[in-house]
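Beneath this line is the structure, given in structure tokens, with notes to follow.
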Amino acid sequence: MEYISQEAAPGPSAVSMKNKILCCECGTPIEPNPSNMCVACLRTHVDITANIPKQAIVFFCRNCERYLNPPSEWVQCSLESKELLSVCLKRLKGLKEVKLVDAGFIWTEPHSKRIKVKLTVHGEVMDGCVLQQVFVVEFTVNNQMCDDCHRTEAKDFWRCLVQVRQKSINKKTLFYLEQMILKHKAHENTLGIKPSPSGGLDFYYATDAHARKMVDFVQAVLPVKVTNSKKLISHDIHSNSYNYKYSYALDVVPISKGSLVCLGKKLQTNLGHISPICLVTKVANAIHLIDPRTAQMAEVQNMAFWKSPFEAICNPKHMVEFVVMDVEIVRDNERKNFPGQGPVSFRHVIADVWVVKASELGINENTMHTRSNLGHLLKVGDSVLGPRPTSSTPTLRSSSKTRFWSCCWSRNTTTNPCANSPATGTQTSPRWAWTRTSRRTTTSSSRRIRKCDRTSTSSRTPPGSSRCRWTSTIWPTRRCRASTW
Numbered sequence: 049m050e051y052i053s054q055e056a057a058p059g060p061s062a063v064s065m066k067n068k069i070l071c072c073e074c075g076t077p078i079e080p081n082p083s084n085m086c087v088a089c090l091r092t093h094v095d096i097t098a099n100i101p102k103q104a105i106v107f108f109c110r111n112c113e114r115y116l117n118p119p120s121e122w123v124q125c126s127l128e129s130k131e132l133l134s135v136c137l138k139r140l141k142g143l144k145e146v147k148l149v150d151a152g153f154i155w156t157e158p159h160s161k162r163i164k165v166k167l168t169v170h171g172e173v174m175d176g177c178v179l180q181q182v183f184v185v186e187f188t189v190n191n192q193m194c195d196d197c198h199r200t201e202a203k204d205f206w207r208c209l210v211q212v213r214q215k216s217i218n219k220k221t222l223f224y225l226e227q228m229i230l231k232h233k234a235h236e237n238t239l240g241i242k243p244s245p246s247g248g249l250d251f252y253y254a255t256d257a258h259a260r261k262m263v264d265f266v267q268a269v270l271p272v273k274v275t276n277s278k279k280l281i282s283h284d285i286h287s288n289s290y291n292y293k294y295s296y297a298l299d300v301v302p303i304s305k306g307s308l309v310c311l312g313k314k315l316q317t318n319l320g321h322i323s324p325i326c327l328v329t330k331v332a333n334a335i336h337l338i339d340p341r342t343a344q345m346a347e348v349q350n351m352a353f354w355k356s357p358f359e360a361i362c363n364p365k366h367m368v369e370f371v372v373m374d375v376e377i378v379r380d381n382e383r384k385n386f387p388g389q390g391p392v393s394f395r396h397v398i399a400d401v402w403v404v405k406a407s408e409l410g411i412n413e414n415t416m417h418t419r420s421n422l423g424h425l426l427k428v429g430d431s432v433l434g435p436r437p438t439s440s441t442p443t444l445r446s447s448s449k450t451r452f453w454s455c456c457w458s459r460n461t462t463t464n465p466c467a468n469s470p471a472t473g474t475q476t477s478p479r480w481a482w483t484r485t486s487r488r489t490t491t492s493s494s495r496r497i498r499k500c501d502r503t504s505t506s507s508r509t510p511p512g513s514s515r516c517r518w519t520s521t522i523w524p525t526r527r528c529r530a531s532t533w
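Just so we're aligned, residue 49 is where the sequence shown starts under the numbering used here, counting upward by one.
As structure tokens, then:
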């Protein structure tokens, strides 16, 4: 080793100058280091990447397009992704001896079955001297069928089955569940998804843990009833091991958004004495209801629904188009409140609405009256949807197996039912009339049907109109000026 003497020049640069030595191999002036060699000579003597293989193999399943992540996990990776880079680096055993600084892909043809990764590592050599080296590792993609695809080819591909069913005409709730599954990618671990002829979906899984994860996801999204079962496939008496196939049946509530439902008396009391006829505004992890006549809201949880189940008496597919002829807002001081009443929505405005069927517009001058919670949206001339007022009397099964609830619509076309009441001096209008009947029902309005009057806040009735006790709910169609509600 020989030091090179340099003349110190006046100025600040003389302070920063350092003595240099000559490389013991090539004689190049370098700064002093423990090896007394330059970088080029040091690389010829020491290779920090000697224990790192420059070629490796990764396994790829062509059926499900997944890569093998050692030791036995198969993961979904796209080309030049972080997941694929992690899989490739795990195939290199010598990386633990050096410090990995940088890693990246070098572009190759997708059909070449080659993946090139450029690595930058740091290694310590000769008494604390750190050396940096850049090199390329080439990976060969070999085809290998995963265990799940192997069972699929052998017709023994699933161990767990999740069956999702909804016993209703309107499948809007199932469509919502499908969108939530795609949004949260809850179907990644499935072996197959098949539609059911009865209306529903079947999810096939290889392990019970993946099936339970799907069941928990559906329970968090919708109110469902879960029934599980298992079937013994084989049994080894020597090792005392059992092979089962598991099945999970998920029964989704037969309720959809926009449906008209009828509640039982017990459920009405639990929900703050809400009206028996309610409109479904939302179906999520709970069923959200609103009373169109009072704007009272309620939420039916999963357990509460299956204890007191109810069905939809009218779906949006069965609605008839009506045209709004007149709208009158009901003031807040005219609303009726009672002790124990549930929460009331302030987003909706109660209004008295007079409508006529769109098919009879200009032919029939008799308008029908109803009360709606869409007073802030409806205007004269808007198109709305509602149940058929001329349909037959629907019959709804109550909680008792030997009793029925019978409801009807009463229509008066000769006299004005909104005449002043002799007792209160205010106008009254008929309301829903509910009576218990025997199992044998009839459509005649004269049998076991009582009329009941309810004080109305309406102050006027259009000439020649008649009030119809057919519904208290209307829906805006797309032609309504404010169709988003």
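Just so you know, even glycine gets a beta-carbon here, dropped at the ideal spot from N, CA and C.
{"Query": "Using DSSP's beta-bridge definition, name the partner residues of Asp374.", "Result": "Trp402"}
{"Query": "Exposed or buried, what is Tyr290 when buried is set at 16 or more other beta-carbons lying within 10 Å of its beta-carbon?", "Result": "exposed"}
{"Query": "Going by the CB atoms, is the gap between Val178 and Lys161 shorter than 8 Å?", "Result": "no"}
{"Query": "Am I right that Val372 and Leu426 are in contact with their C-beta atoms under 8 Å? What's the rounded C-beta distance?", "Result": "5 Å"}
{"Query": "What distance in whole Å lies between the Cβ atoms of Val185 and Leu32, which are believed to be in contact at a cut-off of 8 Å?", "Result": "Residue 32 is absent from the structure shown; the chain starts at 49 and stops at 533."}
{"Query": "What is the residue span of the alpha helix (DSSP H) that Leu137 lies within?", "Result": "Lys130 to Lys138"}
{"Query": "Measure the beta-carbon distance from Met416 to Val428 and round it to whole angstroms, keeping in mind my assumption that it falls under 8 Å.", "Result": "The pair is not a contact, with the Cβ atoms about 15 Å apart (cut-off 8 Å)."}
{"Query": "Anyone know if the C-beta pair for Lys164 and Val182 falls short of 8 Å?", "Result": "no"}
{"Query": "Please state the DSSP three-state secondary structure of Gly142.", "Result": "helix"}
{"Query": "Would you mind reading off the limits of the beta strand (DSSP E) that contains Asp196?", "Result": "Per DSSP, Asp196 belongs to no beta strand (DSSP E); it is in the alpha helix (DSSP H), Asp195 to Glu201."}
{"Query": "By the 10 Å Cβ neighbour count, where 16 or more other Cβ atoms means buried, how is Gly306 classified, buried or exposed?", "Result": "buried"}
{"Query": "Is it the case that the segment 276–292 contacts the segment 192–202, given that we only count it when at least three CB pairs across the two stretches are under 8 Å?", "Result": "no"}
{"Query": "I need the DSSP call for Glu186, collapsed to helix, strand or coil.", "Result": "strand"}
{"Query": "Give me the residue from Ala151, Leu143 and Lys144 with the minimum Cα distance to Glu131.", "Result": "Ala151"}
{"Query": "Check for me: the beta strand (DSSP E) holding Arg162 runs from which residue to which?", "Result": "Arg162 to Val173"}
{"Query": "At the level of alpha carbons, what is the spacing between Asp299 and Ile377?", "Result": "41 Å"}
{"Query": "Could you give the distance in angstroms between the alpha-carbon of Lys144 and the alpha-carbon of Met351?", "Result": "54 Å"}
{"Query": "Mind reading off the beta-carbon distance from Gly320 to Gln344? Whole number of angstroms is fine, and I expect it under 8 Å.", "Result": "7 Å"}
{"Query": "On the DSSP letters alone, give me the boundaries of the alpha helix (DSSP H) that Glu226 sits inside.", "Result": "Lys220 to His232"}
{"Query": "Checking 8 Å against the spacing of the C-beta atoms, do Asp538 and Ser323 come in under that value?", "Result": "Residue 538 is absent from the model: the chain starts at 49 and stops at 533."}
{"Query": "Could you name the residues that DSSP lists as bridge partners for His543?", "Result": "There is simply no residue 543 to check, as the chain begins at 49 and stops at 533 in what is shown."}
{"Query": "Let me know the beta strand (DSSP E) ranges lying completely inside the segment 66–110, each 3 residues or longer, listed in chain order.", "Result": "68–70 and 103–109"}
{"Query": "Run through the DSSP bridge pairs and tell me what Pro243 is partnered with.", "Result": "Leu249"}
{"Query": "Name the DSSP bridge partner or partners of Leu116?", "Result": "Trp122"}
{"Query": "Determine the direct distance from the alpha carbon of Asn414 to that of Val274, and round the result to whole angstroms.", "Result": "50 Å"}
{"Query": "Under the three-state reduction of DSSP, which class applies to His258: helix, strand or coil?", "Result": "helix"}
{"Query": "Using 8 Å as the cut-off, can you tell me whether the segment 206–218 makes contact with the segment 234–251, which would need three or more C-beta pairs spanning the two stretches below that distance?", "Result": "yes"}
{"Query": "Compare the C-alpha of His258 against each of Asn237, Cys326, Tyr296 and Lys231 and name the closest.", "Result": "Asn237"}
{"Query": "Any contact between the segment 68–82 and the segment 152–159? By contact I mean 3 or more CB pairs, one from each, below 8 Å.", "Result": "no"}
{"Query": "If you count every other CB in all the chains shown that lies within 10 Å of the CB of Asn421, and 16 or more means buried, which is it?", "Result": "buried"}
{"Query": "Round the Cβ separation of Val135 and Asn117 to the nearest angstrom and send it over; I've been treating them as touching at under 8 Å.", "Result": "5 Å"}
{"Query": "Taking the alpha helix (DSSP H) that Asn276 belongs to, which residues open and close that run?", "Result": "Segment Val272 to Asp284 is the beta strand (DSSP E) holding Asn276; no alpha helix (DSSP H) there."}
{"Query": "Using the DSSP secondary-structure output, state which residues sit across from Met345 in a beta bridge.", "Result": "Ile338"}
{"Query": "If you compare alpha carbons, which of Leu133, Ile217, Asp196 and Tyr224 is closest to Thr255?", "Result": "Asp196"}
{"Query": "Is it buried or exposed for Ile217, if we count other Cβ within 10 angstroms and need 16 for buried?", "Result": "exposed"}
{"Query": "Rounded to whole angstroms, what's the CA-CA distance from Lys68 to Gly171? Just pull it up for me.", "Result": "24 Å"}
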